[in-house]
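*Asks:* Numbered by the UniProt record's numbering, the letters in the sequence shown go through residues 1 to 391 in order. Glycine included, C-beta positions come from ideal geometry on N, C-alpha and C. Please see the structure below; I have some questions.
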Amino acid sequence: MYEETKLSVIIVNYNVKYFLEQCLRSVRAATVGMDVEVFVVDNHSTDGSIDYLRPQFPEVTFIENSGNPGFAKANNQAIRLCSGEYVLLLNPDTVVGEESLRTLCYQMDEDLTIGAIGVKMLNGHGVFLPESKRSFPSPWVSFCKLFGLSRFFPRSSLFARYSLPYLDCDKSHEVEVLAGAFMLLRHEALDKIGLLDETFFMYGEDIDLSWRMVLGGYKNLYVPERLLHYKGESTKHGDLRYIKAFYGAMLIFYKKYYPKSGWLMRLLIQCAVGLKAGWVVVSGPFRRKRKPARHRRLLVLCREEHFEAVKAACVKAMPSLEFVNLWNLDEERVMSAICRRNQMKGFTDYAFCFPDARYEQMLLFMDKLENKKAIYHIYTKDSGRLVSPGS
Numbered sequence: 001m002y003e004e005t006k007l008s009v010i011i012v013n014y015n016v017k018y019f020l021e022q023c024l025r026s027v028r029a030a031t032v033g034m035d036v037e038v039f040v041v042d043n044h045s046t047d048g049s050i051d052y053l054r055p056q057f058p059e060v061t062f063i064e065n066s067g068n069p070g071f072a073k074a075n076n077q078a079i080r081l082c083s084g085e086y087v088l089l090l091n092p093d094t095v096v097g098e099e100s101l102r103t104l105c106y107q108m109d110e111d112l113t114i115g116a117i118g119v120k121m122l123n124g125h126g127v128f129l130p131e132s133k134r135s136f137p138s139p140w141v142s143f144c145k146l147f148g149l150s151r152f153f154p155r156s157s158l159f160a161r162y163s164l165p166y167l168d169c170d171k172s173h174e175v176e177v178l179a180g181a182f183m184l185l186r187h188e189a190l191d192k193i194g195l196l197d198e199t200f201f202m203y204g205e206d207i208d209l210s211w212r213m214v215l216g217g218y219k220n221l222y223v224p225e226r227l228l229h230y231k232g233e234s235t236k237h238g239d240l241r242y243i244k245a246f247y248g249a250m251l252i253f254y255k256k257y258y259p260k261s262g263w264l265m266r267l268l269i270q271c272a273v274g275l276k277a278g279w280v281v282v283s284g285p286f287r288r289k290r291k292p293a294r295h296r297r298l299l300v301l302c303r304e305e306h307f308e309a310v311k312a313a314c315v316k317a318m319p320s321l322e323f324v325n326l327w328n329l330d331e332e333r334v335m336s337a338i339c340r341r342n343q344m345k346g347f348t349d350y351a352f353c354f355p356d357a358r359y360e361q362m363l364l365f366m367d368k369l370e371n372k373k374a375i376y377h378i379y380t381k382d383s384g385r386l387v388s389p390g391s
């Protein structure tokens, strides 16, 4: 049915133009030689995103909204216009590897029962994000999640089903729920089950879509292809706005799927929100936030000719830097650095230069390095832009 284009990539943007710029560069690198179309739906950004990005990415179709209709509705706008056999919903604060999209599309080609694929998401410190693979939030699963049983028994298939921590994140698994930050969808399956539910403004729409995919007779597959998702670390439980938005979405979800027991779930969720909000207020002054190390030591992985430019950008962004060293990619490749990662424990920060290092190599390095407090930065030679977690 969809033969003109292999892949349609859809990115919804709201005031993150530099993250989006880097995301689009990674998509461009990952789709060389592929039949692809890319849509960016801008939800009324005020940071000049469109004017900044349109000249750099003439191959992208930009859709400008006069307001912010929400994540689900914005994605649906582009889905109705796209012609790809597969549709990728992608967050703007992500980086994909050069081979990942081709590999995943091939996997969809080989198994027609797959309706959606999700990937192994890493945050800006190389930490695996547990929302990469989840279970359907039934009342019991949600109860265990809301009241902390999943945290106390992380290896229990009875109490920790929400984020499935007992499933090896480095192996493929058929799961019930995938993350909306990266969701590769079969277009024909979308035609069958329907588009994203626009009742959800933010959060919850990925759970709803994943579950409808299962109800429609398709498989949701988690695959350990790496993806950098910067803002995965920002949606912490200590953010009152996140708590309100996420649990508000859960109320919509239970009203939709459990109409008869909705009153009970509403009560449980309201209790959980109250407890969490109270804990945030009480613990706020004492809660330890992740801060950059006081004595920051940086390793720059680039070609020697680009070292001074990368170093200057890093020094400007990190005035507290005490030491900067070069891993010369003219002499040793990123794989050598990965193999000798035990020699790199003294660094607090790592900066890669693209295209000296490929995105695939950066993601592999982040995943394999044991120091999960490290901060990773990506400098793009063509733009002279340094992108870091929280930037």
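Taking SER391 as the reference, which of TYR14, MET362, SER8 and TYR18 has the closest Cα?
*Replies:* Considering only alpha carbons, the answer is TYR18.
*Asks:* Could you give the distance in angstroms between the alpha-carbon of LEU299 and the alpha-carbon of TYR350?
*Replies:* 5 Å
*Asks:* Look at the alpha carbon of ASP330 and the alpha carbon of ALA309, and state the distance between them as a whole number of angstroms.
*Replies:* 16 Å
*Asks:* Let's see if you can read the secondary structure: which residues bound the beta strand (DSSP E) around CYS353?
*Replies:* It spans 349-354 - the beta strand (DSSP E) in which CYS353 sits, taken as one unbroken run.
*Asks:* Can you tell me whether MET121 is helix, strand or coil according to DSSP?
*Replies:* strand
*Asks:* Can you give the Cα-Cα distance for ARG296 and GLY124, rounded to whole angstroms?
*Replies:* 16 Å
*Asks:* What is the residue span of the beta strand (DSSP E) that TYR86 lies within?
*Replies:* 84-90
*Asks:* Rounding to the nearest angstrom, what Cα-Cα distance links MET344 and LYS255 in this structure?
*Replies:* 51 Å
*Asks:* When burial is assigned at 16 or more other CB atoms within 10 Å of the CB, is MET335 buried or exposed?
*Replies:* Here MET335 is exposed, its C-beta having fewer than 16 other C-beta atoms within 10 Å.
*Asks:* Go through its chain and collect everything with a Cβ distance to PHE347's Cβ below 6 Å, but skip five positions before and after it.
*Replies:* ARG297 and LEU299
*Asks:* What is the DSSP secondary structure of VAL334, counted as helix, strand or coil?
*Replies:* helix
*Asks:* When you compare the CB positions of GLY118 and PHE182, do they come within less than 8 Å of one another, or not?
*Replies:* yes
*Asks:* Could you tell me which uninterrupted beta strand (DSSP E) segments, each at least 3 residues in length, are contained entirely in the segment 357-386, listed from first to last along the chain?
*Replies:* 375-380
*Asks:* Rounded to the nearest angstrom, how far is the Cβ of PHE352 from that of LEU301, given a contact under 8 Å?
*Replies:* Between PHE352 and LEU301 the beta-carbon gap is near 5 Å, inside 8 Å, which marks them as a contact.
*Asks:* Whole angstroms are fine: how far does the CA of LYS373 sit from the CA of LYS236?
*Replies:* Confidence at LYS236 is low in this model, with a pLDDT of 49, below 50, so the placement of that residue should be treated as unreliable; the coordinate-derived value is given next. Whole-angstrom Cα-Cα distance: 16 Å.
*Asks:* Do you know how far the Cα of GLU131 is from the Cα of THR380?
*Replies:* Rounded to whole angstroms, THR380 and GLU131 show a C-alpha spacing of 29 Å.
*Asks:* For the beta strand (DSSP E) containing THR300, name the first residue and the last one.
*Replies:* The sequence shown places Val at residue 300, rather than the Thr named in the question. 296-302 is the extent of the beta strand (DSSP E) around VAL300.
*Asks:* In the DSSP assignment, what residue or residues form a beta bridge with ILE116?
*Replies:* Ile is not the amino acid found at residue 116; the sequence shown has Ala there. Paired residues: LEU185 and ASN220.
*Asks:* Enumerate in chain order the residues of its own chain whose CB-to-CB distance from HIS44 is below 7 Å, with the five nearest sequence positions on each side excluded.
*Replies:* The beta carbon of HIS44 sits closer than 7 Å to those of ASN65, SER66, GLY67 and ASN68, all from its chain and outside the five residues before and after it, given in chain order.
*Asks:* Would you call the segment 189-196 and the segment 128-146 in contact, with 3 or more CB pairs under 8 Å?
*Replies:* Judged by Cβ distances under 8 Å, the segment 189-196 makes no contact with the segment 128-146, as fewer than three pairs qualify.
*Asks:* Can you list, in chain order, the residues of its chain with a C-beta nearer than 7 Å to that of VAL16? Leave out the 5 residues immediately preceding and following it.
*Replies:* PRO92 and ASP93
*Asks:* Does the contact criterion of 3 or more C-beta pairs under 8 Å hold for the segment 108-117 versus the segment 247-254?
*Replies:* No: fewer than three Cβ pairs fall under 8 Å.
*Asks:* Give the DSSP bridge partners of THR5, in chain order.
*Replies:* GLY84
*Asks:* Compare the beta carbon distance of VAL32 and VAL9 with 8 Å and say whether it is the shorter of the two.
*Replies:* no
*Asks:* Do you know offhand how far PRO389's Cα is from LYS260's?
*Replies:* 43 Å
*Asks:* Span of the alpha helix (DSSP H) holding VAL214?
*Replies:* 205-215
*Asks:* Determine the DSSP secondary structure at ASN13, reduced to helix, strand or coil.
*Replies:* strand
*Asks:* Are the CB atoms of ASP197 and ALA74 within a distance shorter than 8 Å?
*Replies:* In this structure, ASP197 does not lie closer than 8 Å to ALA74 by Cβ.
*Asks:* Establish whether the CB of GLU131 and some CB of chain B are separated by less than 8 Å.
*Replies:* In the structure shown, chain B does not exist; there is a single protein chain.
*Asks:* At the level of alpha carbons, what is the spacing between ARG25 and VAL36?
*Replies:* 14 Å
*Asks:* Straight-line CA distance for LEU7 to GLU99?
*Replies:* So the alpha carbons of these two residues sit roughly 14 Å apart.
*Asks:* Could you give the first and the last residue of the continuous beta strand (DSSP E) run that contains VAL32?
*Replies:* No beta strand (DSSP E) contains VAL32, which DSSP labels as neither H nor E.
*Asks:* If you run the structure through DSSP and keep just helix, strand and coil, what is PHE200?
*Replies:* coil
*Asks:* Under a three-way DSSP split, which group does ASP109 fall into?
*Replies:* helix
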